[in-house]
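Asker: Could you have a look at this structure, given as structure tokens, before my questions?
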Amino acid sequence: MPPDAAAPARSGVTSVGSESAAGAAQANPAWCGPRQVDVSGEVMSAAATHRGVRLTFTLAAGAQPCALSGYPGVDTGDGGPLLHAERQLRGYMGGLPPGNDDLPTVALRPGTVAHAIVEGSAVDATGHGCPTYTDLLVTPPNSTDARTVTVPISSCALAVHPVTQ
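The sequence shown: position 74 = 74 (full-length UniProt numbering), numbered continuously.
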């Protein structure tokens, strides 16, 4: 089990009594560990005063398939005061669909990806603009393997949504 996390249900994975151990591992991979996951980010189209970044998690070259579930850790880098993203199921720019509160498990294999949305408002409560950060420090769910992702976002506070397929 990943550190500091309860084992989430793995939806969509079934076991067959005659399945080999290798087949079971392929259908239900272990949690992703250090250096198994690469992270990138892209700016999403602005929505009113909201700004967003789509994080993409892929299997690192040569890594064995593994699973992600839950929230990535996200902190701001250069550009303003340190912000820690608040974990939210859904928000203005993304997250889980309304009525669905179950954190999905995404099996990363060659050619598959997982995404998480980071979002915030570019304007504070008084109407003043927020700092523009040039990078984010992203830690995949249930990991301590933080990566710097060079992607800009203007925000006074950040929210991060769970990984999805």
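We put the beta carbon where it would ideally sit given N, CA and C, even for glycine. All figures in this text were calculated on a predicted structure; none of them were measured in a lab.
Going by CA-CA distance only, name the one from Asp78, Ala107, Ala61 and Leu96 that's closest to asparagine 28.
Answerer: As a first step, residue 28 is located in the sequence shown; it is residue number 28 there, counting from the start. Cα-wise, what sits closest to asparagine 28 is Ala107.
Asker: Per DSSP, glycine 41 forms a beta bridge with which residues?
Answerer: Locating residue 41 in the sequence shown gives position 41, where the first residue counts as 1. Answer is Leu55, bridged to glycine 41.
Asker: On the criterion of 16 or more Cβ atoms from any shown chain inside 10 Å, does serine 45 qualify as buried, or is it exposed?
Answerer: Here residue 45 is taken as the residue at index 45 of the sequence shown, counted from 1. The residue in question, serine 45, is exposed, as its Cβ has fewer than 16 Cβ neighbours within 10 Å.
Asker: Give me whichever residues DSSP pairs with cysteine 32 in a beta bridge.
Answerer: As a first step, residue 32 is located in the sequence shown; it is residue number 32 there, counting from the start. BP columns for cysteine 32 are empty, so no partner.
Asker: Please name the residue, chosen from Gln88, Thr150 and Ala146, that lies closest to threonine 132 on a Cα-to-Cα basis.
Answerer: Within the sequence shown, residue 132 is the residue found at index 132, counting from 1. Measuring from the Cα of threonine 132, the nearest candidate turns out to be Thr150.
Asker: Look up tyrosine 92 in the DSSP assignment and give the residues it is bridged to.
Answerer: For the purposes of this step, residue 92 is taken as residue 92 along the sequence shown, with counting starting at 1. Tyrosine 92 is not bridged to any residue.
Asker: Buried or exposed for proline 72, please, with buried defined as at least 16 other CB atoms from any protein chain shown within 10 angstroms of its CB.
Answerer: One-based indexing of the sequence shown puts residue 72 at position 72. Proline 72 comes out buried.
Asker: For the beta strand (DSSP E) holding proline 65, just list the boundary residues, first then last.
Answerer: What you label residue 65 is simply residue 65 of the sequence shown in a count that begins at 1. Careful: proline 65 lies outside any beta strand (DSSP E) and carries neither H nor E.
Asker: At the level of alpha carbons, what is the spacing between glutamine 64 and alanine 30?
Answerer: One-based indexing of the sequence shown puts residue 64 at position 64. One-based indexing of the sequence shown puts residue 30 at position 30. One C-alpha to the other measures close to 9 Å.
Asker: Between valine 43 and valine 74, how many whole angstroms is the CB-CB distance? I'm expecting something under 8 Å.
Answerer: Residue mapping note: residue 43 aligns to position 43 of the sequence shown, counting from 1. Residue mapping note: residue 74 aligns to position 74 of the sequence shown, counting from 1. Rounded, the Cβ-Cβ distance is 15 Å, inconsistent with contact.
Asker: Tell me whether alanine 21 sits in a helix, a strand or coil according to DSSP, three-state version.
Answerer: Sequence index remark: in the sequence shown, residue 21 carries index 21 (1-based). In this predicted model, alanine 21 has a pLDDT of only 39, less than 50, meaning its place in the structure is not dependable; the value taken from the coordinates is given anyway. Here alanine 21 sits in helix by DSSP.
Asker: Can you list, in chain order, the stretches of the beta strand (DSSP E) that have 3 or more residues and sit fully within the segment 77-139?
Answerer: Listed in chain order, they are 105-108, 113-121 and 132-139.
Asker: Alpha carbon to alpha carbon, how far is serine 143 from arginine 51? Give it in angstroms, no decimals.
Answerer: Here residue 51 refers to the residue found at position 51 of the sequence shown. Here residue 143 refers to the residue found at position 143 of the sequence shown. So the two alpha carbons sit approximately 26 Å from each other.
Asker: Could you please give the first and the last residue of the uninterrupted beta strand (DSSP E) stretch that includes alanine 159?
Answerer: In the sequence shown, counting from the first residue as 1, residue 159 sits at position 159. Residues 158-160.
Asker: Is aspartate 145 helix, strand or coil when you go by DSSP?
Answerer: Start at 1 with the first residue of the sequence shown, and residue 145 comes out as number 145. Reduced to three states, the DSSP call for aspartate 145 is coil.
Asker: Could you tell me the distance, in whole angstroms, from the CA atom of valine 163 to the CA atom of glycine 77?
Answerer: In the sequence shown, residue 163 corresponds to position 163, counting from 1. In the sequence shown, residue 77 corresponds to position 77, counting from 1. Computed Cα separation, rounded: 21 Å.
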